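From first to last, the protein sequence lines are chains G and H. Residue numbering for the first sequence follows our numbering, beginning at 10 and increasing consecutively. Residue numbering for the second sequence follows our numbering, beginning at 35 and increasing consecutively. Everything on this sheet refers to the single structure shown next.
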Amino acid sequence: MIPGFYIKMVKVTGPGKEDASIGFDKGLNVVSGPSDTGKSYLLGCINYLMGGDTPPKSIEEANGYECVWMQLSSYSGKSYTLKRTFQDSNIYMTEGEIDDANTRPLIEGLSSSHSSKKEDNISVFLLKMIGLHNKKLKESKYKKRPIRFSDVKTVFLKDENEIIAEHSPIYVGQHTSVPVEKALFNLLLSGEDDEDLVQAEDPKVYKNIIKGKIELTERLLGLERERATELSEKVAKANQKEMNIKIEELSRSINESNQLIKDQENKRAEILKSIFQVEAHITHLKELLERFSILDAHYIADLKRLEFILEGEHLLSQLPNMPCPTCGTNVDSTKIKDYLERNNEKLVKSISRERIKITTKREELKSTEFDISEELEDYQKEKSELHQSLKKLSILLENKLKPINKILREDFQKYISLNQDTARLEDAKEIISRYEMELEEYKIKIKEKDKGERENKRLPEVHYQKLCDQMKEQLIGWGMSINTLNFDTNKMDFIINGKARGNFGKGSRAILCSAFLISLMKYCWVQETYHPCCLVLDSPLTTYREGDKRQNEDEVEVSVQEAFYKDLASITDNFQIIVFDNKDPSNELLERINYHHFTRNPNLDRYGFFPI
Amino acid sequence: MLQAKELIVIKYNKTGINFLAHKNAKNLIEYFQSEYSRDLIDRIDFVIERFNDMTDKKLDFFIKSNLTKWGSEFLEEVHSL
């Protein structure tokens, strides 16, 4: 796999505006021209599309433009088009070339900020193209974190200020980010990230944890020892053999007592059942008596009625007869009299018979009532007897049998718990010995930590040396006289001819920075580590002048400038270098490179990045 | 027979057949001395006192609204016999 990418085209569009675009290719690309022709703006566009926080600094010509496009290609031939408007935090991406992008919907929305958990962001996308996705960087002595594309930007894109910075080119100039930048540099040189870095615990924290553990263990140990002493005191008094015999005895007594209680309880249940039956009898008889009394009342009423009938008959018979109210004829009174008399006799007779019958019945009823009353009394007696025996039984159970049972059980429990205490004591002894062992271990550990901190991973010197050799060759190739070139691992910067790079003049710092970045890119490619294989340099030559020309120190000497371009023009198609500068390469090189010249002259082609 | 002894008068009209006590009836009743007849007369007096002022409609309503209460009483009576 050939990792990395190169920029194919950058385009800025706006409604009603003619597109401003510029094409690039593999190898060397030079965009030259005086200031204010949109060079820095272009650089800003590239940065913005690669997840930069802010859109390019607005210039007058950019008014009305609101969207920036870029086509990235991988060295294996795949193309991607990225698009982002100046207000959007998302970047839209589609596969394919920029010219086809209009016909294809830009579906994939990539967030401009990095997140290692979610993959839909530009950072992960670009890191994947370089093969650096999911690599880990050491952030501090005790922490590591996943790499972000913004970490890589320092070795891939340098604007005109960064290129002349006094601090090391691998730094962005902030103290807090130094460990990460170092880690990235080591990763690029060695190809190995800090994945296997064991995240060491902060010794202070670690010590406190151990101290806490010791404290806790000591406290638990104390408690356990107390418990053991208590238990052993209890257990010491008891004789194991005696105890077992006692337990056996007790359990037998308890069983007997249980059986006794059970028998008595059964008895009690039986009595209760009998009481219930007797009560049922009593209720039945009582009801019977009540019904008999009603029956008697009826008999009495019948007797009275008979008397009334007789009286009525007697009175009625004395009334004279009237003519028939319907036909008006007189009824023969003697006939009626005869009839009535006859009937009367019959009536009186039958009534007296009836009276006798009813009286007999009443007598019978009385005798039955008497019998039943006696029976009832018997039942009542039985009931009260049953109640008494029930009471006796309950007293026996509650006051005698159950208390005895309870005492037996308590005794039994006592022996059992003593028995358990013996087992617990064994447990406690075991726990104590375990705590003691743990305590020993912790004490050893805490001493070990006191000896010193864990060693940091160090990159073998040979990597730096190889990079130095590469850079020395580069600089010599550009016509500079280099005797010694070393790498200072403290400052993470180079010492050239015994002088730290930061101490050189602005122009030299820019040239040295460029040489470093190009060397690093070549080195990574040769060593097959990681690099975007793309380099964007703003004004590497503008401020350079060779040291002996004191009157204009910061101007690059023409020979170096020419050698610089000449050397870069011969770079292979495995890389892309984009140089923005106001210095032009010599004419003979122009055919071999991709060259754009901004004239800032309205009469000449081309004025600047934006069409006029 | 009651008619033949001039104890009741029968009136036939729109409301149907009505039986009224003949003026002789009062005299006859006064001759009754038995316990049973005394009790009967007491009960009749109570009924007259209680319900004499009521119209047929009111009486009907009174009976209907108390029927369930009496009904259960009668039921018990029937059972106990």
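Ideal Cβ positions, reconstructed from N, Cα and C, are used throughout, including at glycine. Model, not experiment: these values are computed from the prediction.
### Query
Residues in the segment 73-85 of chain H with C-beta within 9 Å of chain G's C-beta atoms, listed in sequence order?
If the cut-off is 9 Å between Cβ atoms, the segment 73-85 of chain H has Asp73 and Leu74 near chain G.
### Message
Closer than 8 Å is the cut-off here; do at least three beta carbon pairs connect the segment 38-56 of chain H with the segment 293-301 of chain G?
### Response
At 8 Å Cβ cutoff, the stretches do not touch.
### Task
Could you check how far apart the C-beta atoms of Leu166/G and Leu476/G are, in whole angstroms? I think they sit under 8 Å.
That pair is no contact at about 20 Å.
### Message
Just to make sure I have the definition right: I need the residues of chain H whose C-beta is within less than 7 Å of the C-beta of Asn352/G. Which are they?
### Response
Counting only Cβ-Cβ distances below 7 Å, Asn352/G has no contacts in chain H at all, with the closest Cβ about 12 Å away.
### Query
Tell me which same chain residues have a C-beta within less than 6 Å of the C-beta of Glu450/G, skipping the five on either side of it?
Closer than 6 Å at the Cβ level, and outside the excluded window around Glu450/G, lies no residue.
### Query
Is Val161/G closer than 9 Å to Leu136/G when the C-beta atoms are compared?
Yes, Cβ-Cβ distance for Leu136/G and Val161/G is below 9 Å.
### Message
Please classify Ile88/H as buried or exposed, where buried requires at least 16 neighbouring CB atoms within 10 angstroms.
### Response
Ile is not the amino acid found at residue 88/H; the sequence shown has Met there. That one is exposed.
### Message
At the 9 Å Cβ level, is Tyr46/H part of the contact set with chain G, yes or no?
### Response
Not an interface residue.
### Task
Can you tell me which of the three DSSP states Val21/G falls into?
Note: Val21/G maps to strand in three-state DSSP.
### Task
Run the CB neighbour count on Ser326/G, radius 10 Å, all protein chains shown included, and call it buried at 16 or more, exposed below.
By the beta-carbon neighbour count (other beta carbons within 10 angstroms, threshold 16), Ser326/G is exposed.
### Short CB-CB distance (under 9 Å) between Lys39/H and chain G
At least one chain G Cβ lies under 9 Å of Lys39/H.
### Task
Could you spell out the range, first to last residue, of the alpha helix (DSSP H) harbouring Ala174/G?
Unbroken run through Ala174/G: none, as it is neither H nor E.
### Task
Could you tell me which of His323/G, Asp202/G and Asn414/G sits nearest to Gln67/H, measuring between CA atoms?
Looking only at His323/G, Asp202/G and Asn414/G, the smallest Cα-Cα distance to Gln67/H is reached by His323/G.
### Task
Answer with yes or no whether the minimum CB distance from Arg314/G to chain H is below 9 Å.
Answer yes: the Cβ-Cβ gap between Arg314/G and chain H drops below 9 Å somewhere.
### Task
Whole angstroms is fine: what's the gap from Leu51/G's alpha carbon to Val181/G's?
Their Cα atoms are separated by approximately 21 Å.
### Contact list for Leu328/G against chain H, beta-carbon separation under 8 Å
Neighbours of Leu328/G on chain H, chain order: Lys39, Glu40, Leu41, Asn58 and Leu62.
### Query
Going along the chain, which residues of its own chain have a beta-carbon closer than 7 Å to the beta-carbon of Lys531/G, five neighbours each way excluded?
Hits under 7 Å: Gln479.
### Query
First and last residue of the beta strand (DSSP E) that includes Ser30/G?
Segment Ala29 to Gly32, the beta strand (DSSP E) holding Ser30/G.
### Query
Roughly how many whole angstroms lie between the Cα atoms of Trp78/G and Asn603/G?
Distance between the alpha carbons of Trp78/G and Asn603/G: 20 Å.
### Query
What's the gap between the Cα of Cys76/G and the Cα of Asp28/G?
In a straight line, the C-alpha of Cys76/G is about 10 Å away from that of Asp28/G.
### Message
Quick check on Phe66/H - is its C-beta less than 9 Å from some C-beta in chain G?
### Response
Yes, contact with chain G.
### Query
Thinking just about the alpha-carbon of each residue, which of Ile131/G, Val133/G, Val187/G and Gly118/G is nearest to the one in Lys147/G?
Nearest C-alpha to Lys147/G: Val187/G.
### Query
Is Glu320/G close to chain H, meaning its C-beta is less than 9 Å from at least one C-beta of that chain?
Closer than 9 Å: yes.
### Message
Going by beta-carbon coordinates alone, are Phe194/G and Ile179/G separated by less than 9 Å?
### Response
Yes, these two residues count as a Cβ contact at 9 Å.
### Task
With DSSP collapsed to three states, give me the class of Ser1/G.
Past the edges of chain G, shown from 10 to 621, lies residue 1/G, and the structure says nothing about it.
### Query
Whose Cβ in chain G lies nearer than 7 Å to the Cβ of Ser71/H?
Think of a sphere of 7 Å around the beta carbon of Ser71/H: the chain G residues whose beta carbon falls inside it are Phe317 and Glu320, in chain order.
#### Entry: Straight-line Cα distance separating Ala509/G from Asn38/G
Going by the C-alpha atoms only, they are around 30 Å apart.
### According to DSSP, residues forming a beta bridge with Gly118/G
DSSP, once it has assigned bridges, lists Tyr101/G as partnering Gly118/G.
#### Entry: Extent of the continuous beta strand (DSSP E) run through Leu544/G
From DSSP, the beta strand (DSSP E) with Leu544/G extends over Cys543 to Asp547.
### Task
Sort Glu600/G, Ile31/G, Lys17/G and Ile318/G by Cα distance to Glu363/G and report the nearest one.
Glu363/G has its Cα closest to that of Ile318/G, out of Glu600/G, Ile31/G, Lys17/G and Ile318/G.
### Query
Where does Ile587/G land, buried or exposed, given buried means 16+ other C-beta within 10 angstroms?
Ile587/G is buried by the Cβ-count criterion.
### Query
If we cut at 9 Å on Cβ distances, does Leu297/G have a partner in chain H?
Not an interface residue.
### Task
Compare the C-alpha of Lys276/G against each of Ser398/G, Gln429/G, Asn596/G and Phe589/G and name the closest.
Out of Ser398/G, Gln429/G, Asn596/G and Phe589/G, Ser398/G has the C-alpha closest to the C-alpha of Lys276/G.
### CA nearest to the CA of Ile580/G, picked from Leu544/G, Leu494/G and Pro549/G
Of the candidates Leu544/G, Leu494/G and Pro549/G, Leu544/G places its Cα closest to the Cα of Ile580/G.
### Task
On a CA-only basis, which of Tyr15/G, Ser241/G, Gly47/G and Pro24/G is nearest Lys35/G? Give me that one, please.
The option with the nearest alpha carbon to Lys35/G is Tyr15/G.
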